[in-house]
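Student: In the working numbering, the protein residues as written are 2 to 356. Think of the CB as a built atom: it goes at the ideal place given N, C-alpha and C, for glycine as much as any other residue. Note that the structure is predicted; figures quoted are calculated from it, not measured. Handing you a structure now.
Okay, here's the thing in structure tokens:
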């Protein structure tokens, strides 16, 4: 096969549906790291077996899961993402596996649950590391036997569902710490795809920026909007703790205030950052102040000293990830709910951007 033919074949292999390309920018990645991620996803897609997707918040784990679904043998069937965080074991059981009418107080009618609703298709279990330990054995049986046991139903029901899982936590460490079932981990981890943070493939920032400029300008019926070389250089130098999502939001904000023919400069980038609002500036300033200094006196009671250290560590984590709770919780090794409770108890006022 000639080099030219091989290049064409690779491009076809890495192709994806236009809606997915438009949502994500995944179709414009030029780095070897992201080409490898897309290649593994494309090769894994037809197999039908579980895939575990890891990476920091904002790297595009759900988008990659949609690519796997779109390239699988069931692209016309349902793709249902389900977030495993922030609710009780009983609610997760009912939401995932369904329930029968009258099986508990308030169960006024039958509910199929997420997995049966996706029968024939794909379910993405987002933040799988947060899944309640009491639900993990039931999920394991579902994957192994392809059947679900709704709450209140005497016998399980057969299903045909592909399970994908995603997390920004160190799930391997969670297994070693006995916080996640080892057998379930191995069932989910038949194929493991890790998406690197944007700072580790900076060569993709320029093509992604161009992609998002075109996308958001088109959505807002604006023309000839570009980024100057100096401004693009600044974007490439940033660390982007929020990864591709943060870059996309930055470009969306810039385009919102632009006119036809705008060429963005470094000054525009500075104004855009400031335009994210006074609450952000005030809250982040508070977080920065708390993270930069911890004062503990020798005669301070131990509980108060511990609170000071906790407050500083949490503020530092929130500052590092621009206030995104899920990412901060991952850095701190606590659940998102646990972080929220600590934040309230310690009266931490920090930026809470959408995650």
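Going by DSSP, what residue range makes up the alpha helix (DSSP H) through residue 124?
Tutor: Where residue 124 is concerned, there is no enclosing alpha helix (DSSP H), although the beta strand (DSSP E) it sits in stretches over 123 to 127.
Student: What separation, rounded to the nearest whole angstrom, lies between the Cα atoms of residue 130 and residue 178?
Tutor: Their Cα atoms are separated by approximately 12 Å.
Student: Let me make sure I understand the geometry here. Which of 341, 309 and 308 has the alpha-carbon closest to that of residue 324?
Tutor: Among 341, 309 and 308, the Cα nearest to that of residue 324 is on 341.
Student: Between which residues of its own chain and residue 121 is the CB-CB distance below 7 Å, once the five residues before and five after are set aside?
Tutor: 75, 78 and 161, listed in sequence order.
Student: What span of residues does the beta strand (DSSP E) with residue 82 cover, start to end?
Tutor: It spans 80 to 84 - the beta strand (DSSP E) in which residue 82 sits, taken as one unbroken run.
Student: How is residue 181 classed by DSSP in three states: helix, strand or coil?
Tutor: The answer is coil: DSSP assigns residue 181 none of H, G, I, E or B.
Student: Is residue 154 closer than 8 Å to residue 1 when the C-beta atoms are compared?
Tutor: This structure gives no information on residue 1, because the portion of the chain shown stretches from 2 to 356.
Student: Just mark residue 134 as buried or exposed, buried being the case when its beta carbon has 16 or more other beta carbons within 10 Å.
Tutor: Residue 134 is exposed by the Cβ-count criterion.
Student: With the cut-off set at 8 Å, would you say residue 218 and residue 206 are in Cβ contact?
Tutor: No, the Cβ-Cβ distance between residue 218 and residue 206 is not below 8 Å.
Student: Which same chain residues, not among the five before or five after residue 95, have their C-beta less than 6 Å away from its C-beta?
Tutor: Cβ neighbours of residue 95 beyond the five flanking positions: 152.
Student: According to DSSP, which residues form a beta bridge with residue 163?
Tutor: Per DSSP, 123.
Student: Using C-beta distances below 7 Å, list every residue in its chain close to residue 82, excluding the 5 sequence neighbours before and after it, in chain order.
Tutor: Once the five neighbours on either side are set aside, the close Cβ partners of residue 82 are 63, 125 and 127.
Student: Which same chain residues, not among the five before or five after residue 141, have their C-beta less than 8 Å away from its C-beta?
Tutor: Correct list, in chain order: 182, 184, 185 and 188.
Student: Please work out which residues of its chain come closer than 8 Å, Cβ to Cβ, to residue 114, disregarding the five sequence neighbours upstream and downstream, and give them in chain order.
Tutor: These residues qualify, in order along the chain: 95, 96, 97, 98, 99, 100, 149 and 151.
Student: Mind checking who residue 227 pairs with in its DSSP beta bridge?
Tutor: Beta-bridge pairing links residue 227 to 264.
Student: With DSSP as the reference, label residue 273 as helix, strand or coil.
Tutor: Residue state, collapsed to three classes: helix.
Student: For the stretch 332 to 347 against the stretch 252 to 261, do three or more pairs of beta-carbon atoms, one drawn from each stretch, fall closer than 8 Å, so that the two count as touching?
Tutor: The stretch 332 to 347 vs the stretch 252 to 261: no contact.
Student: Got a sec? Which residues, its chain only, sit under 8 Å from residue 248 by beta carbon, not counting five neighbours each side?
Tutor: Hits under 8 Å: 199, 206, 209, 210, 213, 236 and 241.
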